[in-house]
Amino acid sequence: TKSGADDDAGKERRRALAARLLAEGNGFLVESPPPLLSAGAPEDLWASVRATIAAQPAAAIASASLGMAERPDSTPDLAGIDVPALVVTSTGDTLIPPEATSPMAGQIPMGRLVTLEGAGHLSNLEAPEAFTELLRGELMAIGAVAG
């Protein structure tokens, strides 16, 4: 994710996506999804992502897109986060690349950045073992789960 608001062009893209979803349904998005996975992701994982998109009502996806278009810049709020925060990015994420995500970790007082190699935007699906181990380690470090 990112803490900043979309620029005007980004907001317009999200609004246009929402309008198209409401007019046409989600079939076009199933056929040509956004770059949620890395370039080297296996086809069976892409099939799973497409099935997940297909299962969502077009109106719900449109609402989410409109919500993201209107989200405010939360960057000023990062300094007020007073709990450990793990910021995860991936080298294969072209949707929100590491250079867009990484600065967040430095703006959170107890923020820690971890970059997963090779995975795309949906790193929890593309690199589930590494992602789960990362979360497990973080939760153990803060005493939220036992070793």
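Residue numbers (the working numbering): 991 to 1137.
Every residue, glycine too, gets a C-beta built ideally from N, C-alpha and C.
If you're wondering where the values come from, they're calculated on a predicted model, not measured in any experiment.
- Here Pro-1093 has no same chain residue with a Cβ atom under 7 Å from its own Cβ, once five neighbours each way along the sequence are excluded.
- Val-1077 places its beta carbon 8 Å or farther from that of Leu-1106.
- Cα atoms of Thr-1122 and Met-1058: separation of roughly 26 Å, rounded to the nearest angstrom.
- Per DSSP, the continuous alpha helix (DSSP H) segment holding Val-1039 begins and ends at 1033-1044.
- A Cβ-Cβ distance of about 18 Å is found for the pair Leu-1085 and Pro-1032, leaving them out of contact under the 8 Å criterion.
- For Thr-1122, no beta strand (DSSP E) run applies; the uninterrupted alpha helix (DSSP H) run containing it begins and ends at 1118-1131, by DSSP.
- Contact annotation: the stretch 1089-1103 does not touch the stretch 1034-1043, with fewer than three C-beta pairs closer than 8 Å.
- In this structure, the beta-carbon distance from Leu-1011 to Glu-1116 does not fall below 8 Å.
- Excluding the 5 residues flanking it on each side, Ile-1132 has same chain C-beta neighbours closer than 7 Å at Pro-1074, in chain order.
- Spanning the alpha carbons of Ser-1080 and Ser-1028 requires a straight line of approximately 9 Å.
- Annotation: the continuous beta strand (DSSP E) that includes Ser-1080 extends over 1075-1080.
- In chain order, Ile-1086, Ala-1090 and Thr-1091 place their CB closer than 7 Å to the CB of Lys-992, counting only its own chain and leaving out the 5 sequence neighbours on each side.
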